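Input: a single structure, listed below in structure tokens.
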């Protein structure tokens, strides 16, 4: 009888240990630090916008120092003007003669303290976006928030 109880206890301990090992490390992220988004055109503006968007996320704190953060966001970003659109066909397609059409990308990785990648995302501006920096940062912030919520739901028993 004692052996059966011991075996039952051993099985339950193994089950709890395997569940702890299978937990999503993304669920433990409560604070992030934005390290760098490169030095290409538009990256400084996107960095500022991404910081602003992440500040609005209730369950995520943006840390100032690397030691305060559970994870770090790093990536690369660039924004460029692809051309200009005007409702007047006689106006031409040069600067100052229409609305700019932006191209670009924002590629980010969320890394833990051991430099392991927890999450990554690639965003491109939506067609007709008038503010590419805000568009890119909102896409990344929304996707990160959804990934964190999904990991938290998966982590709950």
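Residue numbers (my numbering): 38 to 194.
All C-beta atoms, glycine included, are put in the ideal place defined by N, C-alpha and C.
All figures in this text were calculated on a predicted structure; none of them were measured in a lab.
Do residue i and residue j have their C-beta atoms closer together than 7 Å?
| i | j | result |
| --- | --- | --- |
| residue 174 | residue 90 | yes |
| residue 154 | residue 138 | no |
| residue 86 | residue 171 | yes |
| residue 100 | residue 188 | no |
| residue 140 | residue 117 | yes |
| residue 108 | residue 61 | no |
| residue 177 | residue 164 | no |
| residue 110 | residue 83 | no |
| residue 167 | residue 114 | no |
Using the three-state DSSP reduction, which class does residue i fall into: helix, strand or coil?
| i | result |
| --- | --- |
| residue 66 | coil |
| residue 106 | coil |
| residue 113 | strand |
| residue 191 | helix |
Sort out for me which residues DSSP pairs residue i with in a bridge.
| i | result |
| --- | --- |
| residue 73 | 111 |
| residue 120 | 138 |
- Task: Kindly provide the ranges of any beta strand (DSSP E) runs that are 3 or more residues long and lie completely inside the segment 127 to 187, ordered along the chain.
- Result: 136 to 149 and 154 to 160
- Task: Evaluate contact between the segment 74 to 91 and the segment 138 to 153, counting only Cβ atoms and requiring at least three cross-stretch pairs below 8 Å.
- Result: yes
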